[in-house]
Amino acid sequence: ELKVEQNPLFLSMQEGKNYTIYCNYSTTSDRLYWYRQDPGKSLESLFVLLSNGAVKQEGRLMASLDTKARLSTLHITAAVHDLSATYFCAVDTRNNDMRFGAGTRLTVKP
Amino acid sequence: DGGITQSPKYLFRKEGQNVTLSCEQNLNHDAMYWYRQDPGQGLRLIYYSQIVNDFQKGDIAEGYSVSREKKESFPLTVTSAQKNPTAFYLCASSPNRESEAFFGQGTRLTVV
Chain A
1 ELKVEQNPLF LSMQEGKNYT IYCNYSTTSD RLYWYRQDPG KSLESLFVLL SNGAVKQEGR
61 LMASLDTKAR LSTLHITAAV HDLSATYFCA VDTRNNDMRF GAGTRLTVKP
Chain U
1001 DGGITQSPKY LFRKEGQNVT LSCEQNLNHD AMYWYRQDPG QGLRLIYYSQ IVNDFQKGDI
1061 AEGYSVSREK KESFPLTVTS AQKNPTAFYL CASSPNRESE AFFGQGTRLT VV
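Chains A and U are the protein sequences, given in the same order.
First residue of the first sequence: 1, per our numbering; consecutive thereafter.
First residue of the second sequence: 1001, per our numbering; consecutive thereafter.
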């Protein structure tokens, strides 16, 4: 059974600081996704990583995928308050059954 | 406008009742998913469907049922066998594994 683990689960950081969220998964996959969820809202897609070594960047967020280590990272650069949200990684096995990590609740403080 | 629509937004159910949550998409996506989210938790996969007239159980399918008679529709029935159905339910669709999934706005189900 595929397991997807994120850490940390809670992250409080100050504006302007950098930090990394980690996503480990337990079985072979070459499809990994990052989503953002604001409180009480649905999910919004951030990144789709489709191969080993894939790196994507959008604004202050950068995601990478290492399929050999079964690890993806979401790096936050110079955090701002607007980035406060819950971030989920999701892994798609070859059965097209996307499974999510528990989420990282990020709070960016002034 | 293309998108994925869930209804209702809020739903109240009496114990022992079955209720059906609607999910419709006009994106022409093949794959559709149902997830359950409990407060402060991640998303758990209930059912998924890769094609019309075919669907597979996810990790927490007990007490739920689905159908996929049309490409654009994937309704979820929460049966009386689901002992703790109060949760936020999210439906998603995806064209293929190379693309992200698109989520509906969710249905918040409460047992009263």
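The C-beta atom is built at its ideal place from N, Cα and C for all residues, glycine as well.
Checklist entry - For Leu2 of chain A, which residues does DSSP report across the bridge? => result BP columns for Leu2 of chain A are empty, so no partner.
Next on the checklist: To be precise: take each residue of the region 74-90 of chain A, compare its Cβ to all Cβ atoms of chain U, and keep it if any distance is under 7 Å. Which residues remain?
Outcome noted: Phe88
Item to check | Alpha-carbon to alpha-carbon, Glu1100 of chain U and Asn1026 of chain U | outcome: 16 Å
Next on the checklist: Please tell me whether Gly16 of chain A has its Cβ less than 8 Å away from any Cβ of chain U.
Outcome noted: no
Next on the checklist: Assuming Glu1069 of chain U and Asn1053 of chain U are in contact, meaning their beta carbons sit under 8 Å apart, how far apart are those beta carbons, in whole angstroms?
Outcome noted: 7 Å
Checklist entry - Counting only beta-carbon atoms, is Tyr22 of chain A nearer than 8 Å to chain U? => result Cβ-Cβ to chain U under 8 Å: no for Tyr22 of chain A.
Checklist entry - Among A:Ala78, A:Asp82 and A:Arg70, which residue has its Cα nearest to the Cα of Asp92 of chain A? => result A:Arg70
Next on the checklist: On the criterion of 16 or more Cβ atoms from any shown chain inside 10 Å, does Tyr1033 of chain U qualify as buried, or is it exposed?
Outcome noted: buried
Checklist entry - Looking at the C-beta of Ser1022 of chain U, does it have a partner C-beta in chain A at a distance below 8 Å? => result no
Checklist entry - Is DSSP giving Asp82 of chain A helix, strand or coil here? => result For Asp82 of chain A, the secondary structure class from DSSP, reduced to helix, strand or coil, is helix.
Next on the checklist: Along the region 96-109 of chain A, where does the CB come closer than 7 Å to a CB of chain U? Name the residues.
Outcome noted: Listed by position, the residues of the region 96-109 of chain A near chain U (Cβ gap below 7 Å) are Asn96, Asp97, Met98, Arg99, Phe100, Gly101, Ala102 and Gly103.
Checklist entry - What is the rounded straight-line gap between the Cα of Thr104 of chain A and the Cα of Ala79 of chain A? => result So the alpha carbons of these two residues sit roughly 15 Å apart.
Next on the checklist: For Leu2 of chain A and Gln1017 of chain U, what's the separation of their Cα atoms in angstroms?
Outcome noted: Taking the CA atoms as reference points, Leu2 of chain A sits about 33 Å from Gln1017 of chain U.
Next on the checklist: Within the continuous beta strand (DSSP E) that includes Thr1110 of chain U, where are the two ends?
Outcome noted: Thr1107 to Val1111
Checklist entry - Which residue or residues does DSSP assign as beta-bridge partners of Val91 of chain A? => result A:Leu32 and A:Arg99
Item to check | Under 8 Å from the C-beta of Ser45 of chain A: neighbouring residues of chain U | outcome: Glu1100, Ala1101 and Phe1102
Checklist entry - Would you report the Cα separation of Phe1088 of chain U and Leu65 of chain A, rounded to the nearest angstrom? => result 29 Å
Checklist entry - Based on the DSSP secondary-structure assignment, which residues constitute the bridge partners of Ser1022 of chain U? => result U:Ser1007
Checklist entry - List, in order along the chain, the chain A residues whose C-beta lies closer than 8 Å to that of Gln1041 of chain U? => result Ala102 and Gly103
Checklist entry - In chain U, which residues lie less than 8 Å from Tyr33 of chain A when you measure between Cβ atoms? => result Glu1100 and Ala1101
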